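If you're matching positions, the sequence shown starts at 1 in this note's numbering and goes up one per residue.
All residues carry an ideal CB built from backbone N, CA and C; glycine is no exception.
Bear in mind that the values here come from a model prediction, so they are computed numbers and not experimental data.
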Amino acid sequence: MTLGRIALARIPAIRCKIQSLFSAPHSSSSTNRTSPPLSRHMSMKSENLVSKLTSSGLLKTQGLIDGKWVDAHDGDTMQVLNPATGEVVAIVPCMGQSETNNAISSAYDAFRSWSKLTASERSQHIRKWYDLLIAHKEELGQLITLEQGKPLKEAMGEVSYGASFIEFYAEEAKRVYGDIIPATLGDRRLFVLKQPVGVVGAITPWNFPLAMITRKVGPALACGCTVVLKPSELTPLTALAAAELALQAGIPPGVLNVVMGKAPDIGDALLASHEVRKITFTGSTAVGKKLMAGAAGTVKRLSLELGGNAPCIVFDDADLDVAVKGSLAAKFRNSGQTCVCANRIIVQEGIYDKFADAFSKAVQSMQVGDGFSEGVMQGPLINEAAVQKVESFVQDAIFKGAKVLLGGKRHSLGMTFYEPTIISNVTEAMLLSREEVFGPVAPLLRFKTEEEAILMANNTIAGLAAYIFTNNVQRSWRVTEALEYGLVGVNEGLISTEVAPFGGVKQSGLGREGSKYGMDEYLEMKYVCLGDMNRK
Numbered sequence: 001m002t003l004g005r006i007a008l009a010r011i012p013a014i015r016c017k018i019q020s021l022f023s024a025p026h027s028s029s030s031t032n033r034t035s036p037p038l039s040r041h042m043s044m045k046s047e048n049l050v051s052k053l054t055s056s057g058l059l060k061t062q063g064l065i066d067g068k069w070v071d072a073h074d075g076d077t078m079q080v081l082n083p084a085t086g087e088v089v090a091i092v093p094c095m096g097q098s099e100t101n102n103a104i105s106s107a108y109d110a111f112r113s114w115s116k117l118t119a120s121e122r123s124q125h126i127r128k129w130y131d132l133l134i135a136h137k138e139e140l141g142q143l144i145t146l147e148q149g150k151p152l153k154e155a156m157g158e159v160s161y162g163a164s165f166i167e168f169y170a171e172e173a174k175r176v177y178g179d180i181i182p183a184t185l186g187d188r189r190l191f192v193l194k195q196p197v198g199v200v201g202a203i204t205p206w207n208f209p210l211a212m213i214t215r216k217v218g219p220a221l222a223c224g225c226t227v228v229l230k231p232s233e234l235t236p237l238t239a240l241a242a243a244e245l246a247l248q249a250g251i252p253p254g255v256l257n258v259v260m261g262k263a264p265d266i267g268d269a270l271l272a273s274h275e276v277r278k279i280t281f282t283g284s285t286a287v288g289k290k291l292m293a294g295a296a297g298t299v300k301r302l303s304l305e306l307g308g309n310a311p312c313i314v315f316d317d318a319d320l321d322v323a324v325k326g327s328l329a330a331k332f333r334n335s336g337q338t339c340v341c342a343n344r345i346i347v348q349e350g351i352y353d354k355f356a357d358a359f360s361k362a363v364q365s366m367q368v369g370d371g372f373s374e375g376v377m378q379g380p381l382i383n384e385a386a387v388q389k390v391e392s393f394v395q396d397a398i399f400k401g402a403k404v405l406l407g408g409k410r411h412s413l414g415m416t417f418y419e420p421t422i423i424s425n426v427t428e429a430m431l432l433s434r435e436e437v438f439g440p441v442a443p444l445l446r447f448k449t450e451e452e453a454i455l456m457a458n459n460t461i462a463g464l465a466a467y468i469f470t471n472n473v474q475r476s477w478r479v480t481e482a483l484e485y486g487l488v489g490v491n492e493g494l495i496s497t498e499v500a501p502f503g504g505v506k507q508s509g510l511g512r513e514g515s516k517y518g519m520d521e522y523l524e525m526k527y528v529c530l531g532d533m534n535r536k
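As structure tokens, this is what we get:
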């Protein structure tokens with residue numbers, strides 16, 4: 001089964017076009033963002049930054065196959081834009097099935113030697129990669145802000161967070177243990193070995209251009225797997241820079257390959273190949289389902305981190321300051337463009353008005369702007385399509401009786417900036433309650449009892465992250481156990497860490513990333529029965 005024309009990312013994939021660097025027209029049907037109508041020349045400030053990144057050797061504009069930087073076979077290219085300005089940052093290859101098949105072959109060949117290295121040898125290479133990521137934290141942060149738009153401080157935080165997975169799995173590489181099983185017969189010995197799955201196809205989104213890669217590639221390499229990585233067409237530069245540092249760390253050619261471009265063609269090639277033994281994907285639930293169906297043909301292992309609809313429950317007994325601070329972090333990080341963002345803030349009626357007032361004051365103080373500007377807390381949305389989605393959700397809520405307390409419209413900065421928004425009187429009948437808005441909009445819902453809050457929170461097909469704020473210890477345990485989610489934050493809005501398992505239930509995905517449990521996703525168990533060779 002093919003993917004048709006469905007993108008392997010959180011937004012539609014689009015055709016590549018051969019375009020000149022600074023003056024080519026920008027089409028709403030191309031892989032590039034749909035705003036502005038024409039791509040813009042770079043400002044002197046941006047040119048200086050790009051020049052600096054090029055000089056550092058980290059601004060790569062080719063794919064990586066078998067340790068070589070390559071263009072698309074047909075010469076097709078696509079633009080990478082800065083969402084804050086519309087400027088063309090770089091032109092990169094628009095690859096497809098042919099390049100992906102070459103990358104698969106490279107990874108398959110490299111698997112033979114990489115998987116045979118000792119765990120300690122793999123660990124040393126991966127640790128060196130971590131050291132280089134940290135040494136180039138500033139450049140990587142700048143790349144993330146350039147192509148994704150998040151504030152530079154937040155981008156630098158992503159580099160630290162993303163690198164932490166590489167550090168953690170460099171250590172876990174040496175801790176892949178088997179087992180000995182007591183035999184039922186005296187002349188037998190029973191063993192369990194753990195071995196790498198093989199070649200992994202990793203498909204990552206645009207909202208965390210580094211961390212979503214390291215969370216997958218780190219454990220894969222630690223287990224002895226090799227990888228064909230497809231980053232988002234919107235944010236390939238960070239992936240390419242990370243791959244360059246992997247080469248500098250001594251990770252052999254072919255162990256990590258990077259292709260980007262025609263998402264359906266790349267996805268179809270990964271799914272069809274018998275040499276690819278596992279697919280790991282972060283993105284929309286709809287695409288995750290397509291991948292599940294497509295993987296059936298070759299019975300591949302799957303790890304899927306899909307969409308969320310995170311509830312944030314604020315009880316009457318919560319500390320108001322803690323609840324406001326935690327909800328702010330859970331909602332507005334990355335301009336609301338994360339799968340674990342609080343999508344519904346469900347507030348008990350006794351504290352509803354106080355919370356709404358305090359929360360509004362906190363949100364009102366958030367500075368919106370270009371991620372390179374000092375003090376900015378919220379950058380642009382990724383593209384025009386994202387803004388239009390937010391607008392449609394807000395209009396649906398207003399039409400159905402909701403009230404805008406703050407924001408509710410595009411920002412005066414233009415481009416894809418949207419005002420931080422709070423909407424009250426939201427009900428479960430509104431799109432804001434039923435689907436991910438993936439933007440800086442905080443819907444406030446009201447509830448009376450604990451039981452009602454749990455029912456509201458669980459009334460969704462998603463089950464990734466949830467948050468609760470309460471000072472009642474017994475309630476925190478009751479509600480945590482009742483919530484149908486893979487992650488729960490109690491009095492805390494930022495809960496992701498490399499040492500804990502990340503993943504969802506219901507239609508939010510399969511498997512876990514991070515922690516020691518993340519290694520299991522890239523390992524096969526082999527049972528060995530050893531008989532007595534001297535038995536007659």
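Less than 9 Å between the C-beta atoms of residue i and residue j, yes or no?
i	j	result
tyrosine 467	alanine 330	yes
valine 228	leucine 221	no
leucine 328	phenylalanine 355	no
glutamate 305	phenylalanine 438	no
isoleucine 423	valine 394	yes
lysine 216	serine 303	yes
glycine 149	alanine 269	no
leucine 143	proline 205	no
alanine 211	glycine 162	yes
valine 322	isoleucine 495	no
glycine 371	leucine 152	yes
Pop quiz: residue i and residue j are said to be a contact at Cβ under 8 Å. What is the actual Cβ separation, rounded to whole angstroms?
i	j	result
isoleucine 313	alanine 457	6 Å
leucine 406	glutamine 364	6 Å
glutamate 87	serine 46	5 Å
alanine 429	lysine 400	6 Å
alanine 397	leucine 432	5 Å
glycine 558	glutamate 521	The structure shown has nothing for residue 558, since the chain only spans 1 to 536.
In whole angstroms, give me the CA-to-CA distance for residue i and residue j.
i	j	result
methionine 44	leucine 64	30 Å
glycine 307	asparagine 343	11 Å
asparagine 491	threonine 145	29 Å
glutamine 195	leucine 256	19 Å
glutamine 348	alanine 72	55 Å
glycine 224	serine 113	9 Å
glycine 250	glycine 375	38 Å
glutamine 337	aspartate 109	37 Å
asparagine 471	threonine 416	39 Å
alanine 611	asparagine 82	With the chain covering 1 to 536 only, the question about residue 611 has no answer from this structure.
threonine 449	arginine 475	12 Å
valine 368	proline 420	8 Å
leucine 58	threonine 285	33 Å
Leaving out five residues on either side along the sequence, give the residues of the same chain with a beta carbon under 8 Å from the beta carbon of residue i.
i	result
serine 160	Ile134, Lys137
arginine 188	Cys529, Leu530, Gly531, Asp532
lysine 403	Ile423, Ser424, Asn425
glutamate 524	Lys194, Gln195, Pro196, Val197
isoleucine 180	Arg189, Leu190, Phe191, Val192
Looking at the unbroken alpha helix (DSSP H) that takes in residue i, where does it start and where does it end?
i	result
tryptophan 129	119 to 135
alanine 453	450 to 458
cysteine 223	211 to 223
aspartate 109	97 to 114
proline 443	From DSSP, proline 443 is part of no alpha helix (DSSP H) but of the beta strand (DSSP E) over 441 to 447.
alanine 310	First-last for alanine 310: 310 to 314, but that is the beta strand (DSSP E), not the alpha helix (DSSP H).
proline 236	236 to 248
Is any non-hydrogen atom of the ligand FMN found closer than 8 Å to the C-beta of residue i, if you look at the structure I gave you?
i	result
proline 205	Judged by which ligands are present, the structure shown has none, so any question about the ligand FMN falls away.
Which residues mark the beginning and the end of the beta strand (DSSP E) in which residue i is found?
i	result
alanine 202	199 to 203
lysine 68	68 to 70
alanine 90	88 to 93
arginine 333	First-last for arginine 333: undefined, no H or E at that position.
threonine 282	276 to 282
methionine 525	523 to 531
threonine 513	The identity of residue 513 in the sequence shown is glutamate, whereas the question assumes threonine. That residue, glutamate 513, is in no beta strand (DSSP E); it is neither H nor E in DSSP.
Output needed for residue i: all residues of its chain with C-beta closer than 7 Å, excluding positions within five of it in sequence on either side, in chain order.
i	result
lysine 516	Glu172
lysine 506	Ile461, Ala462, Gly463, Glu484
lysine 128	Ala249, Gly250
methionine 377	Pro151, Met366, Gln367
isoleucine 166	Ile126, Trp129, Tyr130, Leu133, Thr214, Gly218
In chain order, what residues of the same chain lie with their CB nearer than 6 Å to the CB of residue i, ignoring the 5 residues before and after it?
i	result
serine 106	Ile65, Asp66, Gly254, Asn257
threonine 548	Coverage of the chain is limited to positions 1 through 536, which leaves residue 548 absent and any answer about it impossible.
threonine 238	Leu143, Ile144, Pro209, Leu210
alanine 24	Only weak support exists for where alanine 24 lies, its pLDDT of 28 falling under 50; the coordinates are left without a value.
cysteine 94	Cys16, Ala72, Asp76, Thr77, Met78, Gly261
Return no unless some Cβ of chain D is closer than 9 Å to the Cβ of residue i.
i	result
cysteine 312	Absent from the structure is chain D; it holds one protein chain and no more.
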